Every structure is written in C-alpha cells, then in structure tokens.
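Under the UniProt record's numbering, residues 1 to 616 are what the sequence shown spells out, in order.
Take a look at the structure set out below.
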Amino acid sequence: MFLILITLSQSADVYKGSKKHPPLLQCLQPMPPILSPVDECQQIIMKHTFTFSYGQPFIGDYNPPDCRFNRVTFNFTVTSAGLQLDRLGLMFLDDIEVFRTSTAEPTKTGIIWSYVKDMSGYLSLFKKPHKIIFDLGNIVDDAYTGSWTTTLTATFFTAEDEIEPADVIIPISSRRSVDDSPSAFIVPETRAVDTIMLPRNAKNAVVTISACGQADEEFWWTHVLSSDTNVFWEYTSIRGHSPFREIQLLIDGQLAGVAWPFPRPIVGIDAFDLQDDEIDITPFITLLNDGKDHTFEIQVLGIDDDGNGRGTFTTAIESNWVVTDKVFIWFDANNTPLTGTGPVLDSVASIQLTSATKGVSSLTYSVQVSRSIYIESTLDTADGRRTAIWSQNLTFSNIGSLSNTANDHVVRQFTAGKQATLAGYSTSFEYPLWAHSSYNTAPDASVSIDASMQQGKQVQQLADLAFPNSWKTFGYTRLPTVFSPRRTFIGSSRNNSRNGTAHDGKSYGSSSIEQHMTLCSVDTAHEGTVVQDSTRVPDLAGQVWSARPLYEELYERSIVAADESVVYDSESYGGQVRGQSTFSAARGQEVNRAGHGGVREFAAKPIEARLGRGPA
Numbered sequence: 001m002f003l004i005l006i007t008l009s010q011s012a013d014v015y016k017g018s019k020k021h022p023p024l025l026q027c028l029q030p031m032p033p034i035l036s037p038v039d040e041c042q043q044i045i046m047k048h049t050f051t052f053s054y055g056q057p058f059i060g061d062y063n064p065p066d067c068r069f070n071r072v073t074f075n076f077t078v079t080s081a082g083l084q085l086d087r088l089g090l091m092f093l094d095d096i097e098v099f100r101t102s103t104a105e106p107t108k109t110g111i112i113w114s115y116v117k118d119m120s121g122y123l124s125l126f127k128k129p130h131k132i133i134f135d136l137g138n139i140v141d142d143a144y145t146g147s148w149t150t151t152l153t154a155t156f157f158t159a160e161d162e163i164e165p166a167d168v169i170i171p172i173s174s175r176r177s178v179d180d181s182p183s184a185f186i187v188p189e190t191r192a193v194d195t196i197m198l199p200r201n202a203k204n205a206v207v208t209i210s211a212c213g214q215a216d217e218e219f220w221w222t223h224v225l226s227s228d229t230n231v232f233w234e235y236t237s238i239r240g241h242s243p244f245r246e247i248q249l250l251i252d253g254q255l256a257g258v259a260w261p262f263p264r265p266i267v268g269i270d271a272f273d274l275q276d277d278e279i280d281i282t283p284f285i286t287l288l289n290d291g292k293d294h295t296f297e298i299q300v301l302g303i304d305d306d307g308n309g310r311g312t313f314t315t316a317i318e319s320n321w322v323v324t325d326k327v328f329i330w331f332d333a334n335n336t337p338l339t340g341t342g343p344v345l346d347s348v349a350s351i352q353l354t355s356a357t358k359g360v361s362s363l364t365y366s367v368q369v370s371r372s373i374y375i376e377s378t379l380d381t382a383d384g385r386r387t388a389i390w391s392q393n394l395t396f397s398n399i400g401s402l403s404n405t406a407n408d409h410v411v412r413q414f415t416a417g418k419q420a421t422l423a424g425y426s427t428s429f430e431y432p433l434w435a436h437s438s439y440n441t442a443p444d445a446s447v448s449i450d451a452s453m454q455q456g457k458q459v460q461q462l463a464d465l466a467f468p469n470s471w472k473t474f475g476y477t478r479l480p481t482v483f484s485p486r487r488t489f490i491g492s493s494r495n496n497s498r499n500g501t502a503h504d505g506k507s508y509g510s511s512s513i514e515q516h517m518t519l520c521s522v523d524t525a526h527e528g529t530v531v532q533d534s535t536r537v538p539d540l541a542g543q544v545w546s547a548r549p550l551y552e553e554l555y556e557r558s559i560v561a562a563d564e565s566v567v568y569d570s571e572s573y574g575g576q577v578r579g580q581s582t583f584s585a586a587r588g589q590e591v592n593r594a595g596h597g598g599v600r601e602f603a604a605k606p607i608e609a610r611l612g613r614g615p616a
C-alpha cells in the first residue's frame, strides 16, 4: 500500500542541526510511556550500522549486569539518511525471538526515532548469558543509499509490582543460532515445525506467535479470491488466496489455537514494535509433561475457492511469512507433575464468499469468516483439582472492489475477536480498516498514486498471559496525585486509530495523517468468571460483576502531521493535559520546521511493490 510512505514526524530537537547539517526528522509512533527509570543500571547491548546486511546479522554477546533487577526495558534508537525502503528487523537471544520491529523510510537529510519497550516478560532470559543475533537485512547501491545506524540500550531496575514472568522460555524456531543465523521460519517455503520437551513440573504454559507477511504477502489484506486473479490479465496481475489469513498452532497435529493477524501497512500502528499473539496451552499440559518430545507447528492459511462461492482453507499462499514462536512455562511450586484428563477440543469455522465482475473493467468481492475454539481439560495438582480452558471467538469481514481495470482499489475490512481462560484472563479486540488506492499513467509514462486510509486497533484485556498487562508497564510517575500511591487495576483498554492521505507523483510524495491513542485502566469489584454456553468465551460479557466496569484514562495523545511537519500535538496524563502545541502546516515547497521541503523524495519502487498490484 502506498500509505507505507506516511510517517508521523517532527523535528528532532536534540539534533538541532545547522545550515550545513539540517536537523534530523523525528519519526513518531504514539504509544503510552513505559516505566523505565533513567538513573538505573544500563547496558548498551548493540551499537551497529546495517549497510550490506542481508545474510549478515549483528552478532554479539549478552551477559547479565552486576545489579539486582526484576524489570527490563529496551531503548532502540535508529538514524538513517538517504533513500531506502522500509525494512524488517528481528532480534534473537540464541534461538528465541524477543523483539520484532520495522523501519521508517528515511529522508535525504536524515531521520531518527527511539522506541522504548518493556521486556520484563523475558526476565528469565536476561538472568543468563546469551548470543545476540539482530537481523536487519539492508542493501546500499546507486538507488538505495540509506544505512541504519542503531543503538540498543537495556535498562535493568527493581519495581514493586505484580508481574509474574515465566520460569523458562523454550523456542519454537529453526534453531540456527549455532550458525550465527536468525532462527525464523519462512512460510510457505518451509514448514514451521519444531520438536520440544516440556518440563515435568510445568503448571501453566503459553505460546506466543510472531508472524508478519513479506514480499508477495506484505499486503495480504488486499488480495482477491483465487478464482478472480485473472480478471484483469490484459492489464495487470492481482494476488489470490483471498484477503483472509489465519495463523494456526498445532500440537502433535491437533489444533491448539489461532491468531488472526493485525494488518500492518508499514509504517503504521505498531510499526516499531510488531507484537506477539498469545495462546494459552495449559489444557495440553497433561499430554506434554510426559518427558517425551512433542511437535509444535505453525501454519499460515488463506482461502482457495472453486469460483462458485465455496471456499476451503489452504496453506498454499503466496511468498512469504516470517514466523517464530516460543513457549512460556511456569513451574509448579511443589515440583509435582500435573495429571488429569483431556484436552477436549471443539472447533467450528465457516466461510462465505461472493464475487462479481463487469467485463474486464471491475470486480467486487466479499469474504466472511468466523471461527470458535473451545478447549478444556481437568488438571490434578498438589493443591487440588482445577479446570483449564482456552476459548476463542473470531469474526472477519473483507469487502473490496477493483475498478478502472484494477487501477482503483477500495478495501473495507473488520476483524474482531474474544479469547479467554478460566483463570481470569480475557482479551477482546477490533481491527477496523478502510483503504483506497489508485494509480494513473500520464502520456509521458510517469505514474502518480493517490491513497487514503482509516485504521484502528482497539484491545481490552483483563489480567495477562505471557506479557504484563499494559497498566503494569505504564510510566505512572507523571500521573496526577489522585493516582498516588500507585494503584492496581484488573485490566487495561487501549485504543489506537489513524487517518491519512498521500499523493505520489513520480518519485516525490506528500501526505497528511492524524493519529490518536488512549490507554485506560479497567477496574471494578470483580467476583469471578462464569463459563456460559458452548461458544464459551469468559470475557467481560461472561463474568460476574458487582458493579459496572470503571474506565479511567491513564494516557492520551493526538497528533496531526502534514508533509513531514507536526501541525498539532496534544498529550495528557490521567485526564490532565501536560503538553499541547499547534504549528503552522508546511506549504508546497516551503521549508518546514524540520528543515525539509514540503514534498518528499522516496526510494523508487515499482507500482506492484507499493500496491500489491500493477506493473512490476
């Protein structure tokens, strides 16, 4: 999608520049501040420039610091100047992926961004030495001139909190660190399968999935039905297997849960921190703690159809998805192996497809998918018998139209889901997306692209699984005194939305974008979870409350940017505005606040690489 070119940005005040060296353009991803004391124990674990780095990841050593800590944060700072494409970065500790990020496209005079990420969910890893492998593939030549100069700093500190990190983390990966290589699977070219043995004394286990589409699968949400890929064969090629993708976790061949990916038109929501999906596999523990090897496999599915409205799930998608997984395991305090019965699995999925064409000029299509999963087992522990449940209910809708011989494309997509355990965890999410793109070729053969997008990510979560709930990692020190002493909550609600437009003429582009995000705490007198009917998902709707959920705003930020300048920026903590600024918008070729022109030159890419269709 051409909207990958839209980046929230402002002048980087710490790099003020001069007439000879203009200031660096600061790229922004509005996110809640993370608790990370600046005067604590710190360690620079990577300082490296990625230039010709395909197949040449950064290799380093991590050794635990000489200080006490129960919290860890990362600060990842990147600068780049020149013309360059957006790139994907993966960081491993040995064979375990711990951080996935992507880059913004630089300007000729340079950009900078810093991102702070809480890493406390990986605490057990940071207590031991590891090999660091950071893979950020890049190429520099006459067309692509930008390198990535990076600094990754870890901060270690002690906080009084309720975080309970896993006792051990086991990779589900290609395990190539011994060869100084990243351990990601590339699907569907290879099977994402690994064999692991769980400790006998495991009491809880959660699998987290890190997966994103690349190359021909980067814009999977713009794909059409397989039966319609040749509609515009005289003019252009379009990709198939539908705009739906499902990531399945199989344990010994049995479905254990799914993840429906968040569409990522990079740079966008979560661009600097591509977050994992979580699946609780505690119902499988009595099958996995037998001291034997067990097979874990991740499959990425699309949909193939027969042209008559009937569709089936398929693993024969385009190329490719970058996938890794890991298992977070908590030990039984009595060091006793769990016994019990199950798991019993109930999974139902439905697919509804429609499409219509008008000659070779237009195509409309619709894809509707739903899935429910319910897994239950009985666990006998030294403290008594308990029931373990993992349940998911998900719905997906994508309605699209291609017209003007596929030059114009409109997509309206909505993904929603609820997932929960019986132990108090639940998450509900919504991913709305609307996108329009069009391209036209002028008589002189130059091409212009216009695009607009509305996208959101709303997540409400009670308790936590592998990673701490957002309220636990929030940098609460700037909250009003009404929040003092530091209060505890049962959950959080995060809402992130953005609207943007962009135009690209030849190799120059202009854009405007508005982004708004809020983080709220969720609190109430909570009496417990009640499991209901056969599609049971014990979330907010399935719990017993003595009072209505109480939402309190912890953090809010709204930003409006136009042509590389922030024109409005408002930030508030606990409902109190702490910073609000309004700036003059850039006009035409006038130099803006960052010292950059009102239009921007981008790395040249063919239409197909920008939109997923059109001339290669």
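Beta carbons are placed, not taken as given, at the ideal position from N, Cα and C, and that holds for glycine.
From a predicted model like this one, the values you see are computed outputs, not experimental measurements.
**Message:** With three or more beta-carbon pairs closer than 8 Å as the criterion, would you say the stretch 28-39 touches the stretch 116-125?
**Reply:** yes
When the Cα atoms are used, what is the spatial distance from V531 to S370?
Residue confidence for V531 is low, a pLDDT of 35 falling below 50, so the modelled location carries little weight and cannot support an answer.
Measure from the alpha carbon of A143 to the alpha carbon of each residue in L85, G574 and F157, then state which is nearest. L85
query = Thinking C-beta only, is F313 closer than 8 Å to I251?
reply = no
| said: For P30 and A423, what's the separation of their Cα atoms in angstroms? | reply: 32 Å
Item checked: Beta-carbon spacing of F232, T150 below 8 Å -> no
Exercise. When burial is assigned at 16 or more other CB atoms within 10 Å of the CB, is L550 buried or exposed?
Worked result: exposed
Residue span of the alpha helix (DSSP H) that contains F126, given as start and end = L123 to F126
Check: How long is the line joining the alpha carbons of A202 and L338, rounded to whole angstroms?
Finding: 7 Å
Between Q254, D408 and T421, which lies nearest to L288 when the distance is taken from Cα to Cα?
Q254
Exercise. Based on the DSSP output, what are the partners of A205 in its beta bridges?
Worked result: I329
Exercise. Can you tell me which of the three DSSP states S120 falls into?
Key: helix
**Prompt:** Skipping 5 residues on each side, what residues in its chain have a beta carbon closer than 6 Å to that of I281?
**Reply:** A205, V207 and A256
Residues of its chain near N495, where Cβ-Cβ distance is below 6 Å and the 5 sequence neighbours each way are ignored
Q458 and T518
- Item | Closest Cα partner of L454 within the set S512, G340 and S350 | Note that residue 454 corresponds to Gln in the displayed sequence, not to Leu. The shortest Cα separation from Q454 among S512, G340 and S350 belongs to S512.
Buried/exposed call for Y54, threshold 16 Cβ in 10 Å:
exposed
Return yes when the C-beta of P337 is under 7 Å from any heavy atom of the ligand NAP, and no when it is not.
-> This structure simply doesn't include the ligand NAP, nor any ligand for that matter.
(message) Using only CA atoms, which one of Y62, R200 and Y476 lies nearest to D290?
(response) R200
ask   = Which word fits residue 621, buried or exposed, when buried means at least 16 other C-beta atoms lie within 10 angstroms of its C-beta?
value = Outside the shown range of the chain (1 to 616) lies residue 621, about which nothing can therefore be said.
S426 by DSSP, collapsed to three states: which one?
strand
**Asked** Can you check whether the CB of P283 is closer than 8 Å to the CB of P243?
**Response** no
Using the C-alpha atoms, what's the distance from E40 back to P65? 11 Å
Check: Quick one: Cα of V414 to Cα of Q461, how far?
Finding: Looking at the sequence itself, residue 414 is Phe, so the reference to Val does not match. Taking the straight line from one Cα to the other gives about 19 Å.
### Query
Relative to the alpha-carbon of H130, which residue among T107, E571 and I59 has its alpha-carbon at the smallest distance?
I59
Note to self: For R578, tell me which candidate among W220, A562 and R557 has the shortest Cα-Cα distance.
What the structure shows: R557
For V178, does the count of other Cβ atoms within 10 angstroms reach 16, so buried, or fall short, so exposed?
exposed
Three-way DSSP call (helix, strand, coil) for V369 in this model: strand
Open item on the list: Need the endpoints of the alpha helix (DSSP H) that I285 sits in, please.
Closed with: I285 to L288
Closest residue to P23 among W221, I329 and T107 (Cα-Cα distance): T107
Could you have a look at T51 and say whether DSSP puts it in helix, strand or coil? coil
Just curious, the alpha helix (DSSP H) that K472 is in, first and last residue?
-> S470 to T473
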